[in-house]
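Colleague: Below are the structure tokens for one structure; questions will follow.
There are 2 protein chains.
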Amino acid sequence: MDEQKKGTRRRGQVLEEAILFAAWEELLETGYTQMTMESVATRAGTNKSVLYRRWPDKSALVIAAMRKYFFPKITNEIPNTGSLRGDVYAYLHARVEPLKTIGAETIRGLIMEPMVWRMIIASMPQIIQKPRSENKMIAAMAAILKNAELRGEVCLEKLTPRIISLPLALLQYELITKLEPISDETIAEIVDDIFMPLVRAAQQ
Amino acid sequence: MDEQKKGTRRRGQVLEEAILFAAWEELLETGYTQMTMESVATRAGTNKSVLYRRWPDKSALVIAAMRKYFFPKITNEIPNTGSLRGDVYAYLHARVEPLKTIGAETIRGLIMEPMVWRMIIASMPQIIQKPRSENKMIAAMAAILKNAELRGEVCLEKLTPRIISLPLALLQYELITKLEPISDETIAEIVDDIFMPLVRAAQQ
DNA sequence: TCAATAGGAAACTTTAAGTTTTTTATGTAT
DNA sequence: ATACATAAAAAACTTAAAGTTTCCTATTGA
Chain A
1 MDEQKKGTRR
11 RGQVLEEAIL
21 FAAWEELLET
31 GYTQMTMESV
41 ATRAGTNKSV
51 LYRRWPDKSA
61 LVIAAMRKYF
71 FPKITNEIPN
81 TGSLRGDVYA
91 YLHARVEPLK
101 TIGAETIRGL
111 IMEPMVWRMI
121 IASMPQIIQK
131 PRSENKMIAA
141 MAAILKNAEL
151 RGEVCLEKLT
161 PRIISLPLAL
171 LQYELITKLE
181 PISDETIAEI
191 VDDIFMPLVR
201 AAQQ
Chain B
1 MDEQKKGTRR
11 RGQVLEEAIL
21 FAAWEELLET
31 GYTQMTMESV
41 ATRAGTNKSV
51 LYRRWPDKSA
61 LVIAAMRKYF
71 FPKITNEIPN
81 TGSLRGDVYA
91 YLHARVEPLK
101 TIGAETIRGL
111 IMEPMVWRMI
121 IASMPQIIQK
131 PRSENKMIAA
141 MAAILKNAEL
151 RGEVCLEKLT
161 PRIISLPLAL
171 LQYELITKLE
181 PISDETIAEI
191 VDDIFMPLVR
201 AAQQ
């Protein structure tokens with residue numbers, strides 16, 4: 001509950017971080033609809049007006065909390081296994097990994113509260129609705145394919161944006177619909193039964 | 001506004017249908033969040049308590065309205081255009097068509113609402129964890145492919161369940177992430193750039 | 001024709017969002 | 001050290017909509 005010593009008044013960064021942490025915990029424990037500005041303020045040991053001074057409304061606060069406590073755990077490193085198949089598999093695997101490792105209660109919170117996923121999608125257009133070209137994940141896929149081209153594995157020009165973004169789309173579709181961490185088998189299916197055959201077909 | 005004659009008091013079926021129609025119109029015009037029980041009651045020429053006497057809450061009312069005015073529009077007929085490409089395109093197109101009567105705002109609102117989401121899940125079984133084999137839409141895709149096989153276009157045995165369900169998965173991914181009706185171009189991309197090449201590749 | 005049923009109207013409670021005001025602690029500049 | 005600006009704490013307030021209750025009255029049908 002973040003009990004503060006009497007006579008100590010937090011402000012600035014410190015207070016802001018306490019609020020974001022409280023919001024994140026509240027989100028995991030009660031879910032988006034249950035969580036109120038009041039409950040977050042109370043948990044952070046402060047009050048509503050302090051929250052509204054920083055974020056225009058509830059969704060802005062939640063987005064800020066997720067930006068701080070969830071998204072940074074997702075890596076965007078470009079693997080280098082020596083093959084296109086290996087790189088794509090490794091990249092998808094790494095994207096999905098945080099869900100298994102960011103703490104049991106976090107995953108449980110996210111998985112048990114479908115609204116959190118819907119929230120991410122609905123109120124963070126920049127994550128998913130951004131033009132594909134501006135998307136970090138798509139950029140990573142493009143980089144992986146560029147490497148494959150340098151090795152002579154593919155001709156990048158022959159691949160449409162939709163093909164490039166397909167593995168990520170399928171990964172996200174699995175997450176959204178199954179609401180549980182994705183198995184390695186599913187990742188392998190996406191790569192071996194869908195993506196690689198398509199890439200090969202496009203080379204003709 | 002469904003003005004009723006003075007001295008005439010509707011009841012039972014008649015009143016219920018007037019309310020559902022008002023709810024549906026209200027939903028289309030203002031979207032889920034804007035629409036209030038009050039506004040629906042007023043539009044139907046009645047009052048809130050009558051609504052609450054029939055449906056426990058707002059989402060139940062919306063669900064009832066959608067069940068009456070939206071879901072019946074979604075067909076599951078198997079087209080017969082003479083080609084696999086044509087059949088898949090036609091099927092996806094027919095599934096998506098009814099969404100165009102609903103605005104993006106409404107789709108967004110509906111998806112944000114847990115009760116409604118559960119209902120959508122219930123009536124669009126693709127989105128849930130149901131085994132693919134029990135799914136009506138997947139069954140339709142299988143039937144389309146069976147017809148193609150009879151014409152000698154494909155060998156059905158060589159297609160994995162994931163490939164068969166791919167067009168529908170991508171369609172739903174578009175809907176969930178874009179939260180707006182899907183364009184014909186997108187459907188064509190799914191069919192021509194993804195599905196058909198994959199089917200062809202699988203025949204080798 | 002009379003009692004049961006259910007619609008109409010309106011006041012009411014509750015809940016949470018969001019705002020405003022007042023008081024007071026604290027960091028910073030003088 | 002003092003004073004000043006800043007922003008946190010506290011609480012009252014407004015608003016909007018959900019949902020409830022009550023009372024009255026039109027309609028139905030036994």
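Top line first, the protein sequences correspond to chains A and B. Following the numbering used here, the numbering of the first sequence begins with 1 at its first residue and continues without gaps. Following the numbering used here, the numbering of the second sequence begins with 1 at its first residue and continues without gaps. The C-beta atom is built at its ideal place from N, Cα and C for all residues, glycine as well.
1) Per DSSP, what kind of secondary structure is D192(A) in: helix, strand or coil?
2) Quick one: is E185(B) buried, meaning 16 or more other Cβ sit within 10 Å of its Cβ, or exposed?
3) Looking at chain B, is there any beta carbon in it that lies within less than 9 Å of the beta carbon of P98(A)?
4) Quick one: is N147(A) buried, meaning 16 or more other Cβ sit within 10 Å of its Cβ, or exposed?
5) Secondary structure at R11(B), three-state DSSP: helix, strand or coil?
6) What do you reckon, is the C-beta of R95(A) under 8 Å from a heavy atom of the ligand MG?
7) So which residues on chain A does D193(B) lean against when the C-beta distance must stay under 9 Å?
8) Using beta carbons (cut-off 9 Å, strictly below), is Y173(A) in contact with chain B?
9) Can you list, in chain order, the residues of its chain whose CB lies under 6 Å from that of V96(A), leaving out five sequence neighbours each side?
10) Using DSSP with H/G/I as helix, E/B as strand and the rest coil, what is A201(A)?
11) Look at the alpha carbon of Y91(A) and the alpha carbon of L28(A), and state the distance between them as a whole number of angstroms.
12) So what does DSSP say about L20(A), is it helix, strand or coil?
13) Starting from E189(B), find everything on chain A with Cβ-Cβ shorter than 9 Å and list it in chain order.
14) Could you give the DSSP three-state label for D57(A): helix, strand or coil?
15) For a contact defined as C-beta to C-beta under 7 Å, what are the partners of L156(B) on chain A?
16) Can a CB atom of chain B be found closer than 9 Å to the CB of A169(A)?
17) Answer with yes or no whether the minimum CB distance from D42(B) to chain A is below 9 Å.
18) Would you mind sorting L145(A) into buried or exposed? The rule is 16 or more other CB atoms within 10 Å of its CB.
19) Would you identify the three-state DSSP class for M151(A), choosing helix, strand or coil?
20) Which runs of the alpha helix (DSSP H) spanning at least 4 residues fall entirely within the segment 27–94 of chain A, listed in chain order?
21) 9 Å is my cut-off, CB to CB: does I176(B) come that close to chain A?
22) Take the Cβ of D57(B) as the centre, count every other Cβ of all protein chains shown within 10 Å, and call the residue buried at 16 or more, exposed below.
23) Contact between the segment 150–167 of chain B and the segment 66–76 of chain B is defined here as three or more beta-carbon pairs at a separation below 8 Å; is this criterion met?
24) Using 9 Å as the threshold, is the C-beta distance between I163(B) and Y89(B) below it?
25) Roughly how many angstroms separate the alpha carbons of A142(A) and S83(A), rounded to a whole number?
26) Hey, could you find the ends of the alpha helix (DSSP H) P217(B) is sitting in?
27) Could you list which residues in chain A have their beta carbon closer than 8 Å to that of L150(B), in chain order?
28) Using a 10 Å radius around the Cβ and a threshold of 16 neighbouring Cβ atoms, would you call E174(A) buried or exposed?
29) Between E25(A) and the rest of its own chain, which residues show a CB-CB distance below 6 Å, the 5 nearest in sequence each way excluded?
30) What do you reckon, are the CB atoms on V50(A) and I19(A) nearer than 9 Å?
31) With 16 other CB atoms within 10 Å as the buried threshold, where does V14(A) fall?
32) Let me make sure I understand the geometry here. Which of E180(B), T46(B) and N135(B) has the alpha-carbon closest to that of R9(B)?
33) Taking only beta-carbon atoms, is L145(B) less than 9 Å away from chain A?
34) So, with DSSP's three-state summary, where would you put I138(A)?
Modeller: Short version:
1) helix
2) Exposed is the call here.
3) When Cβ-Cβ separations below 9 Å define contact, P98(A) makes no contact with chain B.
4) buried
5) coil
6) No copy of the ligand MG occurs in the structure displayed, which carries no ligand at all.
7) T160, R162, I163, L198 and A202
8) yes
9) Closer than 6 Å at Cβ, skipping near neighbours: I182.
10) Helix.
11) Computed Cα separation, rounded: 27 Å.
12) helix
13) T160 and R162
14) coil
15) Simply none; closest approach about 15 Å.
16) yes
17) For the record, residue 42(B) in the displayed sequence is Thr; it is not Asp. Not one chain A Cβ lies under 9 Å of T42(B).
18) buried
19) A small correction: the amino acid at residue 151(A) is Arg; Met does not occupy that position in the sequence shown. It is coil, neither helix nor strand.
20) 37–43, 48–54 and 58–69
21) yes
22) exposed
23) no
24) Contact flag unset, no.
25) Answer to the nearest angstrom: the Cα atoms are 14 Å apart.
26) The shown model of chain B, from 1 to 204, leaves out residue 217(B), and the question about it has no answer.
27) Near L150(B) there are no residues of chain A at all, since even the closest Cβ is about 24 Å away, more than 8 Å.
28) buried
29) none
30) The Cβ atoms of V50(A) and I19(A) lie closer than 9 Å to each other.
31) exposed
32) T46(B)
33) no
34) helix
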